[in-house]
Amino acid sequence: MKVTVIGTGYVGLVTGVCLSEMGNHVVCLDVDEGKIAVLNAGGLPIHEPGLGEMMRRNVAAGRLQFTNDIVAAVHHGTLQFISVGTPPDEDGSADLQYVLAAASGIGRHMTDYKVIVDKSTVPVGTADRVRAAVQEVLAERGVSIDFAVVSNPEFLKEGAAVEDFMRPDRIIIGADDERARLLMRAIYAPFSRNREKLLLMDTRSAELTKYAANAMLATRISFMNELARLAERVGADIERVRLGIGSDPRIGSHFLYAGTGYGGSCFPKDLKALVRTGHAFGIDLRVLAAVEAVNETQKRVLVEKVVFRFGEELQSRRFAVWGLAFKPDTDDMREAPSRVIVNELLRRGATVCAYDPVAMDEARRVFGDRPGLSFATHQAEALRDADALLIVTEWREFKSPDFEQMRALLKQPLIFDGRNLFDPALVRSLGIEYCAIGHGVSLPALGTATDDVKGNGCGWASGSGPSLARLP
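Following my numbering, the numbering of the sequence shown begins with 4 at its first residue and continues without gaps.
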């Protein structure tokens with residue numbers, strides 16, 4: 004099939020490359036000439052495991068092209084995937100200007116039947132607005148050409164997007180036009196050969212399904228983070244709680260990990276847009292508003308623990324930070340907890356040396372030339388002469404560090420683990436102070452159950468707390 008993908012950002016590029024991998028002839032369109040030049044030279048504007056090799060293979064085979072020629076791109080594909088950005092507007096709603104501009108561009112240049120596929124994450128009712136935008140341009144041209152608008156939301160995880168696209172657990176198709184449904188079935192048939200994965204519905208249900216899925220996942224994360232704060236107070240271990248509730252098949256084990264909060268390009272933006280949609284229709288989505296509030300609080304929890312340990316003023320302190328991307332296997336730092344953590348440490352006068360396996364260039368772009376902030380070329384380099392290590396992203400290479408080297412390089416052996424990577428008993432047995440998320444202390448064993456001890460989850464009764472290796 005001939006396919007056009009409008010937008011070569013994260014979703015558009017993965018969609019175009021993976022569809023070409025299945026034998027389709029795909030043209031990817033973008034107005035950014037610099038990005039098209041990078042792609043035509045074999046480069047990638049994003050970091051996504053496996054995507055570059057697949058892209059170059061299909062370009063060489065002649066199945067994948069990149070262009071900024073909108074006329075040629077619209078003429079090429081019967082299926083026109085709109086995969087442009089929908090950034091949050093000032094009021095939190097999704098900004099649809101790029102989606103509607105793409106729709107108008109299709110209407111301006113189409114000469115035969117097209118299926119216009121909304122692949123971007125868009126609010127309920129966007130398919131109707133896309134349809135109206137195309138009809139308006141066709142009316143201006145004085146022509147009547149059949150077309151259909153389909154909602155086909157993406158469910159890609161950054162860092163595993165190629166796998167998610169090639170082996171989807173479900174494919175949502177929102178369409179009212181039978182011809183469009185047949186074409187969508189045909190394009191996705193190779194992805195669901197072992198079992199039927201297509202779920203057909205109306206466009207508005209498909210649009211809401213995407214938002215509902217992200218809202219549910221974000222809710223689980225904030226739920227566990229709120230329970231983690233309670234676990235620290237009552238002397239429970241959130242990791243044990245996670246295993247206990249995750250073994251219930253009605254709940255499951257996914258997205259039950261306490262940490263420093265969620266980030267990225269999807270959850271924060273989509274929750275704001277969904278809450279705004281509720282307001283527009285007179286519905287106060289109070290659960291989702293609470294999810295957002297908990298997440299913003301959680302991004303500051305690690306710094307709260309640092310302040311409790313060292314005091315409010317951190318001018319004489321140096322901290323190592325491992326992990327800057329919002330999650331492993333990506334260089335995406337949009338809404339990343341690391342941005343809040345690093346900025347707050349710098350605001351309090353500390354110096355920070357940060358390391359991330361992939362996101363260093365993005366970090367330099369995000370933070371700029373900030374006094375007190377430096378970047379290490381290796382994770383061990385960041386540790387040298389630091390008062391403590393803060394772990395913010397759960398990269399695989401951080402999960403089995405050389406603890407002896409860590410003790411030697413750190414000014415004092417102290418870890419603030421925002422992702423609960425290590426066994427507390429093991430780390431403390433090595434003489435390293437260890438402060439994680441949701442790991443309460445056995446209060447009767449401590450002998451003094453002060454509010455401070457109950458509240459920090461690290462077992463320190465004062466700002467210069469004892470080594471956790473010596474605690475019961």
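Here a beta-carbon is modelled for each residue, glycine too, at the ideal position from N, C-alpha and C. Remember, predicted model here, so these are calculated numbers, not experimental data.
Below 8 Å on the Cβ atoms is my contact criterion, and I expect F329 with G267 to pass it. Report the Cβ-Cβ distance as a whole number of Å. As a working note, residue 329 is residue 326 in the sequence shown. As a working note, residue 267 is residue 264 in the sequence shown. That belief holds up - the Cβ atoms of F329 and G267 are roughly 4 Å apart, short of 8 Å.
Are three or more beta carbon pairs between the stretch 274-287 and the stretch 305-318 nearer than 8 Å? no
Would the beta-carbon of N27 fall within 9 Å of that of R59? Reading the sequence shown from its first residue, position 24 is the one you call residue 27. Reading the sequence shown from its first residue, position 56 is the one you call residue 59. Cβ atoms of N27 and R59: not closer than 9 Å.
Would you report the Cα separation of E347 and V306, rounded to the nearest angstrom? As a position in the sequence shown, residue 347 is number 344, starting the count at 1. As a position in the sequence shown, residue 306 is number 303, starting the count at 1. Rounded to whole angstroms, the gap between the alpha carbons of E347 and V306 is 7 Å.
V20 (DSSP reduced to helix, strand or coil): Along the sequence shown, read from residue 1 onward, the residue named residue 20 stands at position 17. The answer is helix: DSSP assigns V20 an H, G or I state.
Coil, strand or helix - V14 by DSSP: Taking the sequence shown and counting its residues from 1, one reaches residue 14 at position 11. If DSSP states are grouped into helix, strand and coil, V14 belongs with the helices.
Here's a check: name, in chain order, each residue in its chain whose Cβ is nearer than 6 Å to the Cβ of L203, leaving out the five neighbours to either side. Here residue 203 refers to the residue found at position 200 when the sequence shown is read from its first residue. Closer than 6 Å at Cβ, skipping near neighbours: I176.
Between which residues of its own chain and G466 is the CB-CB distance below 6 Å, once the five residues before and five after are set aside? Mapped onto the sequence shown, residue 466 falls at position 463. Only weak support exists for where G466 lies, its pLDDT of 38 falling under 50; the coordinates are left without a value.
Comparing C-alpha positions only, which one of I394, S377 and E365 sits nearest to E338? Position 335 of the sequence shown, counted from the first residue, corresponds to residue 338. The candidate whose alpha carbon is nearest that of E338 is E365.
Suppose the cutoff is 7 Å on Cβ atoms and the five residues either side in sequence are ignored; what does the same chain contact list for C21 look like? By 1-based counting over the sequence shown, the position of residue 21 is 18. V165, F168 and M169.
Straight-line gap, N228 to V290 (C-alpha atoms, nearest Å): The residue you call residue 228 lines up with position 225 of the sequence shown. The residue you call residue 290 lines up with position 287 of the sequence shown. Straight-line Cα distance between these residues: approximately 15 Å.
Indicate the three-state DSSP secondary structure (helix, strand or coil) for S377 in the structure shown. As a position in the sequence shown, residue 377 is number 374, starting the count at 1. Three-state DSSP puts S377 in a strand.
Which of the three DSSP states is assigned to I224 in this structure? In the sequence shown, residue 224 corresponds to position 221, counting from 1. I224 falls in the helix class under three-state DSSP.
What are the complete alpha helix (DSSP H) segments, minimum 4 residues, inside the stretch 71-159? 73-79, 100-112 and 129-144
Beta-carbon within less than 6 Å of D205's beta-carbon, same chain only, minus the 5 sequence neighbours each way: which residues are those? Position 202 of the sequence shown holds residue 205. Contacts found: G177.
Determine the extent of the alpha helix (DSSP H) in which G314 is found, giving its start and end residues. Here residue 314 refers to the residue found at position 311 when the sequence shown is read from its first residue. Careful: G314 lies outside any alpha helix (DSSP H) and carries neither H nor E.
Ignoring anything shorter than 4 residues or poking outside the stretch 169-211, list the alpha helix (DSSP H) runs there in chain order. 181-191
Measure the C-alpha to C-alpha separation of E143 and D332 and round it to an integer number of angstroms. The count along the sequence shown starts at 1 and reaches residue 143 at position 140. The count along the sequence shown starts at 1 and reaches residue 332 at position 329. The straight-line gap from Cα to Cα measures roughly 46 Å.
Taking the alpha-carbon of F370 as reference, which of L429, N197 and L349 has the nearest alpha-carbon? Position 367 of the sequence shown holds residue 370. Of the listed residues, the one whose Cα sits closest to F370 is L349.
Euclidean distance between Cα positions of A292 and V278: Sequence index remark: in the sequence shown, residue 292 carries index 289 (1-based). Sequence index remark: in the sequence shown, residue 278 carries index 275 (1-based). Their backbone Cα atoms lie some 7 Å apart in a straight line.
Assuming V125 and E181 make a contact with CB atoms under 8 Å, what is their CB distance in whole Å? Here residue 125 refers to the residue found at position 122 when the sequence shown is read from its first residue. Here residue 181 refers to the residue found at position 178 when the sequence shown is read from its first residue. Actually they do not touch by this definition, with Cβ atoms about 23 Å apart.
Would you give the residue range spanned by the alpha helix (DSSP H) that I9 belongs to? Within the sequence shown, residue 9 is the residue found at index 6, counting from 1. Premise fails: I9 lies in the beta strand (DSSP E), K5 to I9, not in any alpha helix (DSSP H).
Using DSSP bridges, identify the partner residues of R28. By 1-based counting over the sequence shown, the position of residue 28 is 25. The sequence as given places His at residue 28; Arg does not occur at that position. DSSP lists K5 as the beta-bridge partner residues of H28.
For G15, which residues from the same chain have a beta carbon less than 6 Å from its beta carbon, with the 5 sequence-adjacent residues on both sides left out? On the sequence shown, position 12 is the one that residue 15 refers to. Excluding positions up to five away in sequence, the list reads V8 and S86.
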